[in-house]
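Everything below concerns the one structure shown next.
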Amino acid sequence: MRNEMLNIHSLASSAVMVSAVFLFCTAAVIGQSKGDAKTEIIAELNSTADGWNAGELAKYLAVYVPEATEMTGEGPKGGVEHIEQTMRGGFWKTGRPLQQLRYENLDVRMLGKNNALVTGQYILSGVGKPDRKGWFTTVWVKTNKGWRMMHDHS
């Protein structure tokens, strides 16, 4: 009888241990997938700076969904074509921007599994000019091509 009790106790302990490991692993995977989305979004955002700094407007614009909007002085304007016109009429007048772009103070807040709000600061620097800084908010959506920007308020 004592051996049977020890076996039952041993089985119960094993079951508790297996359950604990399962819960720990599940929590780690859930946390990791949330972290992976944030990492992916930051990588996509940084790819815009890479395109900017290489003078490749198409690469800069590649993270926007076609129907993306941007906030202007006249309110939101739609379509990646409009965003491209804004860039060509401003920073890209000479065919490429003069200053280098980087981002700092990034904060990615998940709004469910397929949407995120990103805030941060952009810094334009170089060519003997003072740094130009500003804050931005962007809204991201998970697409079949990965994370893409659907709204830009810079």
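In our numbering, each number is its position in the sequence shown, counted from 1, plus 2. We put the CB at the ideal spot given by N, CA and C, even for glycine. Source: prediction; values computed, not measured.
Check: Between which two residues does the beta strand (DSSP E) harbouring LEU126 extend?; Outcome: 117-128
Check: Kindly give me the distance between the Cβ atoms of MET112 and ALA39, rounded to whole angstroms, as I take these residues to be in contact under 8 Å.; Outcome: 6 Å
Check: Quick one: what's got a C-beta closer than 6 Å to ALA118's C-beta in the same chain, skipping five residues either side?; Outcome: ILE43, VAL110, MET112 and TRP142
Check: If you draw a straight line from the alpha carbon of ASN48 to that of TYR105, how long is it in whole angstroms?; Outcome: 7 Å
Check: Mind checking whether ASN116 and LYS144 have CB atoms under 8 Å apart?; Outcome: yes
Check: Run the CB neighbour count on PRO132, radius 10 Å, all protein chains shown included, and call it buried at 16 or more, exposed below.; Outcome: exposed
Check: Report yes or no: do the stretch 71-83 and the stretch 119-126 share at least 3 C-beta pairs separated by less than 8 Å?; Outcome: no
Check: With which residues is GLU106 paired in a DSSP beta bridge?; Outcome: GLN123
Check: If distances are taken between C-alpha atoms only, which option among ARG90, VAL67 and ARG134 comes closest to TRP149?; Outcome: VAL67
Check: State the beta-bridge partners of PRO78 as determined by DSSP.; Outcome: MET73
Check: With a Cβ-Cβ cutoff of 8 Å, do MET151 and THR139 count as a contact?; Outcome: no
Check: Considering only C-alpha positions, which residue in the set THR50, LEU59 and LYS135 is nearest to THR96?; Outcome: LEU59
Check: Going by beta carbon distance, what residues of the same chain come within less than 6 Å of THR50, once the five residues before and after it are set aside?; Outcome: TYR62 and VAL65
Check: Output needed for GLU69: all residues of its chain with C-beta closer than 7 Å, excluding positions within five of it in sequence on either side, in chain order.; Outcome: GLY80 and GLY81
Check: Does TRP94 come out as helix, strand or coil in the three-state DSSP assignment?; Outcome: coil
Check: DSSP on LYS131, reduced to helix/strand/coil?; Outcome: strand
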